[in-house]
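Asks: Throughout, this note's numbering is defined as the position within the sequence shown, counted from one, plus 259. Even for Gly, the Cβ is constructed at its ideal location relative to N, Cα and C. Note that this is a predicted model, so its numbers are computed, not measured.
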Amino acid sequence: MTTSTALLLADLAGVAVFAASGASAAVAKRLDLFGVVFVGFVAALGGGIVRDLVIDEVPPLAFADWRYATTAAVTAGAIFWLHPQFARLRTTVLVLDAAGLGLFTVAGTLKALDAQVPPVGACLIGMITAIGGGLCRDLLTGEIPVVLRREIYAVAALAGSIVVVLLDGLGYAGPIPLVAAVLLVFGVRLVALRRRWSAPVAALRPPPRTGGIPGPPD
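1) Would you call I403 buried or exposed, if buried means 16 or more other Cβ atoms sit within 10 Å of its Cβ?
2) Taking only runs that begin and end inside the region 280-317, name each unbroken alpha helix (DSSP H) of 4 or more residues, in chain order.
3) Considering only the alpha carbon of each residue, which of R347, G305, T334 and K370 lies closest to F322?
4) Between the region 406-416 and the region 376-391, do three or more beta carbon pairs fall short of 8 Å?
5) What do you get for S457, buried or exposed, if any count of 16 or more other CB atoms within 10 angstroms of its CB means buried?
6) Cutting at 6 Å between CB atoms, please list the residues of its own chain near L437, excluding the five before and the five after it.
7) Taking C-beta to C-beta, are A302 and C395 nearer than 9 Å?
8) Could you check the C-alpha separation between D291 and L443 for me, to the nearest Å?
9) Please state if the CB of A358 and the CB of G273 are separated by a distance shorter than 9 Å.
10) Return the first residue and the last residue of the alpha helix (DSSP H) that D324 is part of.
11) Distance, Cα to Cα, I411 vs T351?
12) Please classify T329: is it buried, with 16 or more other beta-carbons within 10 angstroms of its beta-carbon, or exposed?
Written out as structure tokens, the structure reads:
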């Protein structure tokens, strides 16, 4: 198996995992078959579509290569029918989701760097590639996006993007350093889940108590 084939299979595996996540959320919201497939498609490929549009690569890969759209749609359709069995694999799905997060972060950052995007922009594009589909999934299903709540998710992707940019700037862009960046995102996400790490949330003070309004004099 060549390196390009291995990368393609890994990329499609990430698409399948995110499609399953999106389809599962849609099933929980009682959407019909089309709605489940649509949400699964957007969850799997939304971040990549945004990335390609930002770097002016049209048509986006999700539309140019039939294997991506097909993988997302078939996976989402399978979840529609097999969701009771899929629900029992929550731990496995979380592990695969963490792996997909790392893979999409590194792939998105590299693609931005190849398009001559400056380092800061490449970091942001890498993060958006990884979390964009989840943002769209949650918005379509009427939820506050997970990545904007307390979970360490977007932070892990951003950290991975920064590492990729630093490695590229130092001239270490070979397979081993990039695999290390994927493992970094993967490890941070899993440890955060295991230890229930979360980003800080602003503490809101309770409103001050006010006395009752006195009534008119007798």
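Replies: According to the data block:
1) exposed
2) 292-313
3) G305
4) yes
5) exposed
6) Scanning its chain for C-beta atoms nearer than 6 Å, with the 5 sequence neighbours on each side dropped, one finds around L437 the residues V365, in chain order.
7) yes
8) Answer to the nearest angstrom: the Cα atoms are 37 Å apart.
9) yes
10) Note, D324: premise wrong, no alpha helix (DSSP H); not H, not E.
11) Per the coordinates, the alpha-carbon of I411 lies some 18 Å from the alpha-carbon of T351.
12) exposed
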